[in-house]
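Chains as they are written, first to last, in our numbering: chain F, 28 to 134; chain G, 6 to 117. Where is the CB? At the ideal position from N, CA and C, for every residue including glycine. The block underneath contains the structure these notes are about, expressed in structure tokens.
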Amino acid sequence: DIQMTQSPSSLSASVGQRVTITCRASQDISIYLAWFQQKPGKAPKSLIYAADSLQDGVPSKFSGSGSGTDFTLTINNLQPEDLATYYCQQYNTYPWTFGPGTRVEFK
Amino acid sequence: QVQLVESGGDLVKPGGSLRLSCAASGFTFSEHYMSWMRQAPGKGLEWVSYISLGGDTIFYADSVKGRFTTSRDNAKNSLSLEMNSLRVEDTAVYYCARGLSWGQGTLVTVSS
């Protein structure tokens, strides 16, 4: 199985700040990488697919990059509504696997 | 727009069975592969199962293989997950997914 890791596991940031989350796959997954946002008590919502493509309706403050084994999610101009846990997921190979998540909190 | 509504979650004893359903609307169901995902309380996300457009190809996570069965009814725009020999560690919110779009989930609690 492909193992996904994320760093950091949590971060504390200020409103207006830019944050970056890193995701690493244990083997090459090309661009088959998605990012999800999960707010407390809610279902996960897809933000990014194919490593850098924004889902319809997702604000352009979210962006993704990378290919192969190393990927990043960047959130610009952090706002209170961005408080959530962010997960990466590879869908190159079954079983699909997820990173352990990065919790974004506010200072 | 894509709507996925799960149902069937309940409290069940270890060793028991449960059937989850997912009603799909807003898209041509028969033209999309479907998946089940789950999330244990306070834990991360886990892929459970995949089913192809016609239902002839199905994959399962090792953790549920031999105990869970996924099926679909394209005439009724419906996806199902039959869960047998349930274990305490199967306690989770179960989500139906079309690609990267997920429903709101249904809670399965396995406890004596």
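Unbroken beta strand (DSSP E) run spanning residue 44(F), endpoints
Your numbering for residue 44(F) matches position 17 in the first sequence. Counting along the chain, residue 44(F) falls outside any beta strand (DSSP E), and DSSP gives it neither H nor E.
Selection of the stretch 54-78 of chain F by Cβ proximity to chain G, strictly under 7 Å:
61, 70, 71, 73 and 76
Burial state of residue 84(F) (16 or more Cβ within 10 Å)
In the first sequence, the residue the question calls residue 84(F) occupies position 57. Residue 84(F) should be labelled exposed.
Per-residue DSSP class, three states only, for residue 90(F):
On the first sequence, position 63 is the one that residue 90(F) refers to. Residue state, collapsed to three classes: strand.
Could you have a look at residue 85(F) and say whether DSSP puts it in helix, strand or coil?
If you number the first sequence from 1, residue 85(F) lands on position 58. Correct three-state label for residue 85(F): coil.
Look at the alpha carbon of residue 31(G) and the alpha carbon of residue 70(F), and state the distance between them as a whole number of angstroms.
As a first step, residue 31(G) is located in the second sequence; it is residue number 26 there, counting from the start. As a first step, residue 70(F) is located in the first sequence; it is residue number 43 there, counting from the start. Taking the straight line from one Cα to the other gives about 19 Å.
What are the residues in the stretch 46-78 of chain G lying within 8 Å of chain F by C-beta distance?
49, 50, 51, 52, 55, 64, 66 and 67
From the DSSP output, in three-state form, read off residue 32(G) for me.
The count along the second sequence starts at 1 and reaches residue 32(G) at position 27. If DSSP states are grouped into helix, strand and coil, residue 32(G) belongs with coil.
With a cut-off of 8 Å on the beta carbons, I'd call residue 45(F) and residue 101(F) a contact; round off their distance for me.
Along the first sequence, read from residue 1 onward, the residue named residue 45(F) stands at position 18. Along the first sequence, read from residue 1 onward, the residue named residue 101(F) stands at position 74. Right, the Cβ-Cβ distance comes to about 7 Å (below 8 Å), so this counts as a contact.
What residues in the stretch 112-131 of chain F bring their beta carbon closer than 9 Å to a beta carbon of chain G?
112, 114, 116, 118, 121, 122, 123, 124, 125, 126, 127 and 128
Check residue 97(F) in the structure and name its three-state DSSP category.
As a first step, residue 97(F) is located in the first sequence; it is residue number 70 there, counting from the start. Three-state result, residue 97(F): strand.
Near residue 52(F), what residues of its chain come up, given a Cβ to Cβ distance below 7 Å and the 5 sequence neighbours on each side ignored?
For the purposes of this step, residue 52(F) is identified with residue 25 of the first sequence, where counting begins at 1. Only 29, 31, 96 and 117 meet the Cβ criterion.
Expected contact under 8 Å - CB spacing of residue 112(F) and residue 65(F) to nearest Å
If you number the first sequence from 1, residue 112(F) lands on position 85. If you number the first sequence from 1, residue 65(F) lands on position 38. Yes, they are in contact, since the Cβ atoms of residue 112(F) and residue 65(F) sit about 5 Å apart, within 8 Å.
Residue 7(G) by DSSP, collapsed to three states: which one?
Locating residue 7(G) in the second sequence gives position 2, where the first residue counts as 1. Coil.
I'd like to check one pair, residue 110(G) with residue 98(G): are the Cβ atoms closer than 8 Å?
Mapped onto the second sequence, residue 98(G) falls at position 93. Mapped onto the second sequence, residue 110(G) falls at position 105. Yes; because the gap between Cβ atoms is below 8 Å, this pair is in contact.
Please report the distance separating the alpha-carbon of residue 54(G) from that of residue 28(G).
For the purposes of this step, residue 54(G) is taken as residue 49 along the second sequence, with counting starting at 1. For the purposes of this step, residue 28(G) is taken as residue 23 along the second sequence, with counting starting at 1. Rounded to whole angstroms, residue 54(G) to residue 28(G) spans 17 Å at the Cα level.
Determine the contact status of residue 63(G) and residue 38(G), defining contact as a CB-CB distance below 8 Å.
The sequence position of residue 63(G) within the second sequence is 58, counting from 1. The sequence position of residue 38(G) within the second sequence is 33, counting from 1. No, the pair does not count as a contact, with Cβ atoms beyond the cut-off.
Using beta carbons (cut-off 8 Å, strictly below), is residue 13(G) in contact with chain F?
On the second sequence, residue 13(G) is found 8 positions in, with the first residue counted as 1. It does not; no Cβ of chain F falls within 8 Å.
Helix, strand or coil for residue 93(G)? Go by DSSP, reduced to three states.
Working through the second sequence from its first residue, we reach residue 93(G) at position 88. Note: residue 93(G) maps to helix in three-state DSSP.
Where the beta strand (DSSP E) through residue 65(G) begins and ends
Counting from one through the second sequence, the residue named residue 65(G) turns up at place 60. Taken as a continuous stretch (DSSP letters only), the beta strand (DSSP E) holding residue 65(G) covers 63-65.
Decide yes or no for the touch test of the stretch 38-48 of chain G against the stretch 85-102 of chain G: beta carbon pairs closer than 8 Å, at least 3 of them.
yes
Residue 8(G): contacting residues in chain F (beta-carbon distance under 8 Å)
Taking the first residue of the second sequence as position 1, residue 8(G) is located at position 3. In chain order: nothing, as chain F lies at least about 12 Å away.
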